[in-house]
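Below is one structure, written out as structure tokens, with a few remarks after it.
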Amino acid sequence: MSLSAHKEELTAQQQSPTILTYPKQAIQHAPEVLIDSTYKPLQARLSLKFAEIDETTRLVERDQFGPLLVQKPLYPEGRKVCHVVIIHPPGGVVGGDQLEISAQIGASANAQITTPGATKWYKANGHTSQQKIRINVNKGGSLEWVPQETIFYNHANVEIDHQVMLEDDAIYVGCEILCFGRTASGETFNSGQIKQRTSIRRNDKLIWLEQIRLLGESSAMNGSLALSGKTVCASLILTGKVMPQPLIDLAREEAEKITNGVGQVGISQLKSIVVARYLGNSSEVARHVMLCIWGLFRPEILGRTGIVPRMWST
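Under my numbering, residues 1238 to 1551 are what the sequence shown spells out, in order.
Put into structure tokens, the structure is as follows:
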């Protein structure tokens, strides 16, 4: 997830990736904090494999270690799309914890992955928390990666690496809503470090790359090329089909109605990738904006009507 306004358009052959970076003020050493030598970090891994069998997408393999698991697959829109919910029983990620999630979507299989609630990254206590996400989607397959909000507590030290590998005409939709600090409790994110990298490759060619490194005390948190003093940012990335410009214009208009002039919305199409952004101070508004745009684009890119994940409504 990048908040930079800089965008580099892909070439017609998609040989040059889009790379978004941040001002030098944001790239510093994080402040020192005391290390709790008695803490034992948790490690957790979850590997999922989906396959299309007799016109039904099935979760055919699941391998887990530590506190990461999935509930029973759901089929709220028929057998072609398998919905799963990833659960992290501790309820939050403590400094030093390491999470790894991988998902393999077989040829012509369709899956949607979400979470039961917000992901919380707690105070670091001198340890860096890490999450690695590895996604592979084979020819004719699709994945909607739509977790609920991510909340970074003040003093969190987090590294997230998200890699997506696509084959031929595979479709990927990724949504994220990032909240800096627990503003409802009066907390601001003024100390800590967030490093995040997202890359998308199609047939081994890099077509999208975003990377950020933000420090709570850095002026980049308030700079025009980053958060601009806002506490919530969200993005929706879609790749696999080109979106008609009238549909993009409609989505922008509808999203702006939701923000009603409070917060910023932008939608851009770079060759085969569409990126929608929200920047503001409300996770609730961010959620409605993302659901609105996703609902309008979903029939075009996936041939299915918009649907709100059941967990998002609980």
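Using N, Cα and C, we set each Cβ at its ideal position, and we do this for glycine too.
Every value quoted in this text rests on a predicted model; they were computed, and no experiment measured them.
- Per the DSSP secondary-structure output, R1299 pairs in a beta bridge with L1285.
- Sequence-distant partners of G1377 (beyond 5 residues in either direction) whose C-beta falls short of 6 Å from its own C-beta, in its chain, are A1344, S1345.
- Ranked by Cα distance from I1397, the first of T1435, D1405, E1454 is T1435.
- Beyond the five residues adjoining it in sequence on each side, E1491 comes within less than 8 Å, by CB distance, of C1529, I1530, L1533 in the same chain, given in chain order.
- Minimum Cα-Cα distance from P1326 among the listed residues I1408, T1352, K1432 corresponds to T1352.
- DSSP, reduced to helix, strand and coil, places V1479 outside both helices and strands of the structure shown, so it counts as coil.
- For W1382, the enclosing beta strand (DSSP E) has its first and last residue at 1379-1382.
- For H1392, there is no enclosing alpha helix (DSSP H), since its DSSP letter is neither H nor E.
- DSSP, reduced to helix, strand and coil, places K1369 within a strand of the structure shown.
- Counting other Cβ atoms within 10 Å of its Cβ, Q1308 stays below 16 and is therefore classed as exposed.
- Between Q1349 and N1373, the gap from beta carbon to beta carbon reaches 7 Å or more.
- Leaving aside the five residues that flank E1424 on each side, the residues in its chain whose CB is nearer than 6 Å to its CB run, in chain order, N1391, G1418.
- Less than 7 Å divides the Cβ of E1381 from the Cβ of V1410.
- Distance from the CA atom of K1277 to the CA atom of D1334, rounded to whole angstroms, is 9 Å.
- Looking at the backbone, the Cα of S1284 and that of K1369 are separated by about 12 Å.
- Exclusion of the five residues before and after E1292 leaves R1316, K1317 as the residues of its chain whose Cβ lies within less than 8 Å of its Cβ.
- Boundaries of the beta strand (DSSP E) around W1445: 1442-1452.
- For H1525, no beta strand (DSSP E) encloses it; the enclosing alpha helix (DSSP H) starts and ends at 1520-1539.
- Per DSSP, the beta-bridge partners of P1313 are G1315.
- For L1403, the closest alpha carbon among the candidates S1422, F1426, S1379 is that of S1379.
- Around the Cβ of N1347, a 10 Å sphere holds 16 or more other Cβ atoms; the residue is buried.
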